[in-house]
Structure formats: structure tokens, C-alpha cells
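What follows is a short report on a single structure.
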Amino acid sequence: MKIATWNVNSINARLHAVTKWLKTANPDIVCLQETKTIDEAFPREEIESLGYNLAIHGQKSYNGVAILSKRPFEEVISGLPGDDNDEQARYLEAVIMGDNGPVRVATIYLPNGNPVIHGEAFSQKYLYKLTWMARLKARAQSLLPFEEPLILAGDYNVIPEAKDTHDPIGWEGDAAFRPETHKAFREILNLGFTEAFEMLDGRAEQYTFWDYQGGAWPRNKGIRIDHLVLSPQAADRIRGLTIDRDVREGVKPSDHVPVIGVFDL
DNA sequence: ATGACCGATTGCATCGGA
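If you count by my numbering, then the first sequence holds residues 157 to 421, one letter each, in order.
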């Protein structure tokens, strides 16, 4: 089973690129982020006609997540628990029947958090990021006792290590590379989760995002911020991981590329 | 960080993104 994550930076602006990629990569489950549209304007038919069931959790203009699945959904949960007043559409979870039992997948669009500082203190944006990460940790912890294959897939806006950026000095102080961010990310992994790329590959300079500005793509000035975070039962079943780098070269590309895990599930 | 960015919005500039 191929399970992928991709921040598409608007599903409507990216519809051609997405459908083309679905046909060639042929993933079983896809976690999308930054769909940037209300559910009524999501291009449902175009994606369903390729054989996918669709779970969407969108909002106007910003954020928005979705899960595509060739198999039907057993269960869908919209929104990250822990704050009823949070109106940002950044989390969606679904259960799909695999060959050997249920598989739980979440699509995650973790807040950017910049600018980090406002005046003398942390900004509201950065505090929101850290709070959101604490909520994600709580959700992840509450799901562990199920002992299911669980894949937390998404745009984490976290650069795990210096080798995951072209310019560690330049990124120092950025919300994606702060010590507090690293601690919050590590706390989730320390519950017993595994970051798939770290386990299976671990090479330097394997980026998933290149800014549209400054010739970042032709100069390969990227960062690795899109991750598959796996429960023990998922980590034991993953057979390979690919970063679909070539997608960044296409017509009207997203600034992120897909990350695909192949699982025996 | 930013060569000459990109997307959404009742828009003709501003905001958010990483």
C-alpha cells in the first residue's frame, strides 16, 4: 500500500498537477495539505473519477486538508482535539481497512509559526505552533494504546536537523528550526513514533520544499519539512520511502513535493 | 534568506506562506 503526503498549495490551482501525479504515482492513500478552499469548491468529481474516496476539511482561503483513499473510509475525524475555539483546518484523521486490519492515517498541516518574536516575547503565531504541537502529541499519545498502524503524514513545518537544510546558519531562529520546535517534535517521536525518512534513508540534503523565490529550486536551496511519522505497528510495516522530487520541475508546481511510503498493510 | 514568487481575495493592493 502506497501512502503519500503532499502540500499542494491550493487544490484548485494544482488540479492538473495533482491528477497527473495520481495517474503516474498511483498511491492508495494521499494526505493533502493547504487545499485553500471551502469544501463546496473542492474539485470532488475530478478526483473521485480517478477512483478515490474523499474526506475533506477545508476553510476559506487558507489551510485546508484532505485525505484521498482508494478504499472506503471506516471512520473520519475532522479537526485536532484539544481546543474547541481553534478554527484553522489543519488536521483530519481517517481509518481504512488494510489487508490485515485497520490502518489509521492523519493529514497534518502544522502551523508555520513565523515570526517567532513579537516585541520581547514569543509571538502569538509561534505560541500557536507550540500549543498545536502539544495537542498533536496528546492526540498521538491517546491513539497509541490501539496498537494500530498509524501514519501521521504531513507538512510539519519542522526541519529536523541541520543536514535537512541547505543553510543551517540562515535558518537558525526560524520557527521551523528553533530549539523549542525541535523539542516539541522530539517529544512526539519519544512517545514511540518513528520518522520514516530518518529510519530508512537519513541522507543529507533530501529536501521536500523549495521556495518559489530567489531561484531556490534551480539552486537546490531547499528544506525537508514534510514527514511520515509512524506508530510502531506502521514502522514495522514500511518497506520504502520516496521523495518525488521531479514533481517540483513540472508545469505550475507546488513549492512542496510528495513524500511516499510503501507499506505491507 | 529571497534573482524577477505564488495563491486568494468582491481585489486593482494586501496578506500569508517557509
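Ideal Cβ positions, reconstructed from N, Cα and C, are used throughout, including at glycine. From a predicted model like this one, the values you see are computed outputs, not experimental measurements.
Residue j beta carbon less than 8 angstroms from that of residue i
i, j, result
"I223", "A211", "yes"
"W366", "A360", "no"
"A296", "M355", "no"
"T161", "L384", "yes"
"N313", "G269", "yes"
"P267", "E230", "no"
"T441", "V164", "Outside the modelled stretch of the chain, which goes from 157 to 421, sits residue 441, for which no answer is possible."
"D184", "I159", "yes"
"Q189", "V232", "no"
"I394", "G417", "yes"
"R260", "L306", "yes"
"L386", "F349", "yes"
Local Cβ density within 10 Å of residue i, reported as buried at 16 or more and exposed below that
i, result
"D382", "buried"
"A277", "exposed"
"V413", "buried"
"Y368", "exposed"
"H213", "buried"
"A332", "buried"
"G378", "buried"
"M253", "exposed"
"E364", "It is Thr, not Glu, that sits at residue 364 in the sequence shown. Classification for T364: buried."
"E405", "exposed"
"G207", "exposed"
"T180", "exposed"
"R246", "buried"
"D197", "What sits at residue 197 in the sequence shown is Ala, not Asp. The residue in question, A197, is exposed, as its Cβ has fewer than 16 Cβ neighbours within 10 Å."
"I264", "buried"
"S410", "buried"
"L225", "Note on residue identity: the sequence assigns Ser, not Leu, to residue 225. Classification for S225: buried."
DSSP beta-bridge partners of residue i
i, result
"T263", "L248 and A309"
"N163", "Q189"
"V415", "T161 and I399"
"A277", "H274"
"T175", "Paired residue(s): none; T175 is not in a bridge."
"T321", "I379"
Three CB pairs or more closer than 8 angstroms across the segment 335 to 345 and the segment 276 to 294: Contact holds: three or more Cβ-Cβ distances are below 8 angstroms.
My parser needs the alpha helix (DSSP H) runs of 4 or more residues fully inside the segment 342 to 393; what are they? Counting whole runs of 4 or more residues, the segment 342 to 393 contains the alpha helix (DSSP H) stretches 352 to 356 and 388 to 391.
Mind the definition here: the segment 317 to 329 touches the segment 288 to 308 only if three or more C-beta pairs lie below 8 angstroms; say whether that holds. As far as the Cβ criterion goes, the segment 317 to 329 does not touch the segment 288 to 308, which means the pair count is below three.
Identify every run of the alpha helix (DSSP H) within the segment 187 to 259, keeping only runs that are complete inside it and at least 4 residues long; order them along the chain. DSSP runs (the alpha helix (DSSP H)) wholly in the segment 187 to 259: 200 to 204.
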